[in-house]
Amino acid sequence: MIKKNNFKVIDSNYMADKTEGVYRYLERMRDIGSAVKYIVASAAYISNEYKANDDESIISKMVDRFACSESNIKTIVANNIDGILDISHTYSKEAILYYLCESYTKTFDKIGYMHNSSKSCIDLAISVLNINEKDIVADFGSGVGDFIISVANMKKPSILKGYEIDKDYLEMLKIRAELNNVKAEFELMNIPKEKKFDKIFSEVSLGNINGESDYLASEYESFKNKVPSVRSSMSPNWLFNNLIIEHLSEHGKAVVMMNIGSIEMLRDKEIREYFVKNGFIEAVIALPERLHTFTNTSYAMVVLSRGNKQVKMIDATNIYESGRRQNNLSKENINEIISLLEEYGDNSTSVVFDELEGNNYNLNPLNYLRKKIEFDNGDEFNKIIKNITRGAHIRADELYSLFSDEPTDIQYLTISDIEDGIISDDMQYLKEIEGRYERYCVKDRNIVISKNGTSIKHTIAEVLESKKILVSDNFYIIEIDENLANPYYIEAFLSSKIGSEVLQSTSTSGRINNIAVDELKKMCIPLPSLAEQNQIAEAYKAKLKQLKGLKKNLKIVKDELGMIFKI
Numbered sequence: 001m002i003k004k005n006n007f008k009v010i011d012s013n014y015m016a017d018k019t020e021g022v023y024r025y026l027e028r029m030r031d032i033g034s035a036v037k038y039i040v041a042s043a044a045y046i047s048n049e050y051k052a053n054d055d056e057s058i059i060s061k062m063v064d065r066f067a068c069s070e071s072n073i074k075t076i077v078a079n080n081i082d083g084i085l086d087i088s089h090t091y092s093k094e095a096i097l098y099y100l101c102e103s104y105t106k107t108f109d110k111i112g113y114m115h116n117s118s119k120s121c122i123d124l125a126i127s128v129l130n131i132n133e134k135d136i137v138a139d140f141g142s143g144v145g146d147f148i149i150s151v152a153n154m155k156k157p158s159i160l161k162g163y164e165i166d167k168d169y170l171e172m173l174k175i176r177a178e179l180n181n182v183k184a185e186f187e188l189m190n191i192p193k194e195k196k197f198d199k200i201f202s203e204v205s206l207g208n209i210n211g212e213s214d215y216l217a218s219e220y221e222s223f224k225n226k227v228p229s230v231r232s233s234m235s236p237n238w239l240f241n242n243l244i245i246e247h248l249s250e251h252g253k254a255v256v257m258m259n260i261g262s263i264e265m266l267r268d269k270e271i272r273e274y275f276v277k278n279g280f281i282e283a284v285i286a287l288p289e290r291l292h293t294f295t296n297t298s299y300a301m302v303v304l305s306r307g308n309k310q311v312k313m314i315d316a317t318n319i320y321e322s323g324r325r326q327n328n329l330s331k332e333n334i335n336e337i338i339s340l341l342e343e344y345g346d347n348s349t350s351v352v353f354d355e356l357e358g359n360n361y362n363l364n365p366l367n368y369l370r371k372k373i374e375f376d377n378g379d380e381f382n383k384i385i386k387n388i389t390r391g392a393h394i395r396a397d398e399l400y401s402l403f404s405d406e407p408t409d410i411q412y413l414t415i416s417d418i419e420d421g422i423i424s425d426d427m428q429y430l431k432e433i434e435g436r437y438e439r440y441c442v443k444d445r446n447i448v449i450s451k452n453g454t455s456i457k458h459t460i461a462e463v464l465e466s467k468k469i470l471v472s473d474n475f476y477i478i479e480i481d482e483n484l485a486n487p488y489y490i491e492a493f494l495s496s497k498i499g500s501e502v503l504q505s506t507s508t509s510g511r512i513n514n515i516a517v518d519e520l521k522k523m524c525i526p527l528p529s530l531a532e533q534n535q536i537a538e539a540y541k542a543k544l545k546q547l548k549g550l551k552k553n554l555k556i557v558k559d560e561l562g563m564i565f566k567i
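If you're matching positions, the sequence shown starts at 1 in the UniProt record's numbering and goes up one per residue.
Right, dumping it as structure tokens:
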């Protein structure tokens, strides 16, 4: 890899300033849309070659080089040659080269165009894979080549290959690898069945099976022959994982990055079951938040291999160095995580297949390592639930057509309408609702709990007979069997510190909570006698009434503050 100390100008502050200049220039070109990300690579490459050869004829040669490409870069280069020449004349070769090789993905995280692997995740993956010089190594979904370049710089595998779905990214990958002196082969994702690799890395961001490529769609049809019960809505990342297994050597190992949803949502249960029962999953590592700058999504690192009889679960969510924009994994952090793969303790355990089956093959390590809160008189929430349903899923245009500017007897409940466990009186009014939506209207004394959001919200509904409240699909509507429990007691429990912890334990980790209905039903709650419940319920109702009065008075005072100054 090209090192900073090989540059003519090695002052880091100077280089950072010049690199920022390249970034600012490119940022001004945002009006051309996402094509700017291709201009980065092509402009830097052509500009660098121009500086190196000091011959303007190199520009036409480089344009010819891109013209041979199947990507969109050939058109982008031809249409933006003036800007490319401007960059080559304005900035030094050192700044341009530094930008492409060192700061390319970092600066474009700021703009938001680039989906690249974080350095922390790559360094951890390389340690988990334990690559040696005899290994044949591949990156499935190489993006712009961060993993490939890092491996070439840190290790010396016998063969290094990068595969990419997107033709434009493949071209940028080749450019960065060439300027980093990386000896590797790069191809589009169309791998011969007989091709095997000892170590594989993959981090891909895919939308849906049919929307990505014909290649993935055909992979889905092929996999469906193995597991007929898999759904077309399944995460395409699991198809990539199946592809990885097919190309993994007998004693090979792979590391794949997956968002938390893919390892625990019910839609992927069948394919997770297939991987577990066939012994393909060696370990799952729950990673800290904010290791990537482009998303707040929580990620897990899934280790794939063959012949596994159990799955090692690692909680590494608290092993990191905090940063202002992004968290990082130091060498010490990585060593600690690697040691957890080999040891047992509070943050690591092995889970047998029977336990995984009993948890719908949920692969989130926190489900197996999180300390369960239990009560002497506790029981599953499901025992006292008479009925539970999701709120109404209504298209935005249809919902908007129902809005009323005048007060009516029908209102619409959203997450923002709940504050401090109280439903706001300022909910949106609706003109009417169709009969099919009646079942999504919350009843008096029902409990509503948010399914997803940055924080879990819940409340007990107090609905007059003459009124209706239609609930959005971001909520669960729960009717309590009042022969077994008092709804106000349940809400009092959920509002307590211990109750909040229990409720939070049903959610996925990360900034965005997501509660699966099965996890909610399994939640343990204390169930004393009805007499004791009623006593707690009455105390809660009294405080709730007091809080409503205080909030009402606060609103009056705020309104009065805004009326003091008059012209």
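Don't be surprised by glycine CBs; every beta carbon is placed ideally from N, CA and C. Bear in mind the structure is a predicted one, so any value in this text is a computation, not a measurement.
Check	Outcome
Range of the contiguous alpha helix (DSSP H) that encloses Phe-280	Where Phe-280 is concerned, there is no enclosing alpha helix (DSSP H), given that its DSSP letter is neither H nor E.
Stretch-stretch touch, CB-based, cutoff 8 Å, three pairs: the segment 156-173 with the segment 277-285	no
Contact under 8 Å by Cβ, Glu-479 with Lys-541	no
Which of helix, strand or coil DSSP assigns to Asn-367	helix
Residue closest to Lys-522, alpha-carbon to alpha-carbon, out of Ser-529, Val-502 and Ala-537	Val-502
Cβ contact check for the segment 311-321 and the segment 394-413: 3 or more pairs under 8 Å	no
Endpoints, the beta strand (DSSP E) within which Gln-411 is located	410-413
Alpha-carbon to alpha-carbon, Glu-538 and Thr-408	31 Å
Cβ-based burial, Pro-236 [other Cβ within 10 Å; buried from 16]	buried
Member of Asn-80, Ile-433, Asn-483 and Thr-317 whose CA lies at the smallest distance from the CA of Asn-347	Thr-317
Element boundaries [alpha helix (DSSP H), containing Asn-359]	No alpha helix (DSSP H) holds Asn-359; DSSP gives it neither H nor E.
DSSP three-state assignment for Glu-270, whether helix, strand or coil	helix
Through-space distance from Asn-335 to Gly-345, alpha-carbon basis	15 Å
Beta carbon of Lys-457 nearer than 8 Å to that of Ile-415	yes
Beta-carbon contacts of Lys-119 that lie in its chain and below 8 Å, excluding the five residues immediately before and after	Asp-146, Ser-150 and Asn-328
Residue from Lys-331, Lys-134 and Gly-421 with nearest C-alpha to Ser-495	Gly-421
Proximal residues to Phe-275 (C-beta, below 6 Å), its chain only, five neighbours per side dropped	Ile-281
Top-ranked residue by Cα proximity to Lys-199, from Ser-142, Ser-305 and Val-144	Ser-305
Beta strand (DSSP E) segment containing Glu-380, residue limits	378-380
Residues sharing a beta bridge with Lys-199, DSSP	Val-137 and Lys-253
Between the CA atoms of Ile-536 and Thr-459 - distance to the nearest angstrom	16 Å
Given Asn-153 as reference, the closest of Ala-184, Val-471, Leu-243 and Met-313 once Cα atoms are compared	Ala-184
When Asn-474, Ala-125 and Lys-196 are compared against Thr-389, the one with the closest alpha-carbon	Asn-474
Beta-carbon proximity of Ser-330 to Val-256, cut-off 8 Å	no
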